[in-house]
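See structure below.
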Amino acid sequence: MSPVSTATSRLPRDFFARSSVDVARDLLGCLLSFGGVTLRLTEVEAYAGQVDPGSHAFRGETPRTRPMFGPAGFTYVYFTYGNHWCLNLVAGQEGTAEAVLVRAGEVVEGHELVRARRGNVAERDWARGPGRLGQALGMGGEHTGRDFCRPVLGEPIDLVVAEPARPVPAGAVATGPRVGVSGPGGDGTAYPWRFFLEGDRFVSAYRPGTVKRRRATAPRL
DNA sequence: ATACCGATTGGCT
DNA sequence: GCCAATCGGTATC
-1 MSPVSTATSR
9 LPRDFFARSS
19 VDVARDLLGC
29 LLSFGGVTLR
39 LTEVEAYAGQ
49 VDPGSHAFRG
59 ETPRTRPMFG
69 PAGFTYVYFT
79 YGNHWCLNLV
89 AGQEGTAEAV
99 LVRAGEVVEG
109 HELVRARRGN
119 VAERDWARGP
129 GRLGQALGMG
139 GEHTGRDFCR
149 PVLGEPIDLV
159 VAEPARPVPA
169 GAVATGPRVG
179 VSGPGGDGTA
189 YPWRFFLEGD
199 RFVSAYRPGT
209 VKRRRATAPR
219 L
């Protein structure tokens, strides 16, 4: 039996109610289970809500970002580029709209399920990147705004975030600019809030954010 | 009503 | 390394 599959203590809401940066760092190595698939988290990013130009919540609450403005311990799943569903775990105090983007992981359980969803791609790429990870887990818009800390009441919760059997050594955690975050003052280099396991194969490739172009004038036909 | 764009990915040069 | 795909969210007219 693999040591990682033996850890089963669900992280409490208090764990997520801290600053997104602290939560992100501590999530590395943790086990995230959803619908029969378990990932060992290798890469995450912190977003600091309304004071963070790179955050979806920067311009205030909208129907999409509503879960971010709620209490910690809920999901925020968003759709992007016409194809991809990406998973966030809401952090911080209610109203601050902090969240942690789950960017990559290693599949440690549910290989058959993931193989079916991800097709014939290298196992290394099954959940290496937020879009791929969402697909590996079978994430969709119906999974946003879900409480993953509440123990048993109400609708079934199939998302579990648990401590690893063995915590990752502090020296194994690396930080850097966030991936793909763009815009004036919002580029990823502004905050080194990407956390990943140094040297781990299941970490996505770094890509800098694109420089935002400004169109000269509006077409206004 | 409409235009712009993205916390990405996969394919091709 | 470069770039098109693809469509919901958001801002704007």
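For the record, in the first sequence the residue sitting at position 143 is 141 according to the working numbering, with numbers rising by one throughout.
Don't be surprised by glycine CBs; every beta carbon is placed ideally from N, CA and C.
Check                                                                                                                   : Outcome
His54 in three-state terms, based on DSSP                                                                               : coil
Touch test, the region 78 to 93 against the region 12 to 21, Cβ-Cβ under 8 Å, three pairs minimum                       : yes
Endpoints, alpha helix (DSSP H) assigned at Ser18                                                                       : 18 to 25
Which of helix, strand or coil DSSP assigns to Val119                                                                   : coil
Rounded separation between Phe72 and Gly197 - CA only                                                                   : 30 Å
Short Cβ contact (8 Å threshold) for Val166 with Gly52                                                                  : no
Environment of Arg128 [buried if 16+ CB atoms lie within 10 Å]                                                          : Per the sequence shown, residue 128 should be read as Pro rather than Arg. Flag for Pro128 reads buried.
DSSP-derived helix/strand/coil call for Phe14                                                                           : helix
CB contact flag (Gly136, Arg164, <8 Å)                                                                                  : no
Neighbourhood of Val201 by C-beta distance below 6 Å, restricted to the same chain and skipping five residues each side : Thr40, Glu41, Ala102, Phe194
Sequence-distant residues of the same chain with beta carbon closer than 8 Å to Ile155, five excluded per side          : Arg144, Asp145, Phe146, Arg148
For Tyr76 and His82, the rounded distance between their alpha carbons                                                   : 8 Å
Beta-carbon proximity check, Pro175 vs Arg199, cutoff 8 Å                                                               : no
Opposing strand residues paired with Cys147 [DSSP bridges]                                                              : Note: Cys147 sits in no beta bridge, so no partner.
Neighbourhood of Arg122 by C-beta, 6 Å cutoff - its chain only, sequence neighbours within 5 removed                    : Arg199
Under the three-state DSSP convention, the category Arg199 falls into                                                   : coil
Assigned secondary structure, Leu223 (DSSP; H/G/I helix, E/B strand, else coil)                                         : A query on residue 223 cannot be resolved here, the shown segment of the chain reaching from -1 to 219 and no further.
Spatially closest choice to Val21 from Gly27, Phe13, Cys28, by CA coordinates                                           : Phe13
Per-residue burial, Thr94 [other beta carbons within 10 Å of its own, 16 or more giving buried]                         : buried
Where Ser7 falls, given that 16 or more other Cβ within 10 Å makes a residue buried                                     : exposed
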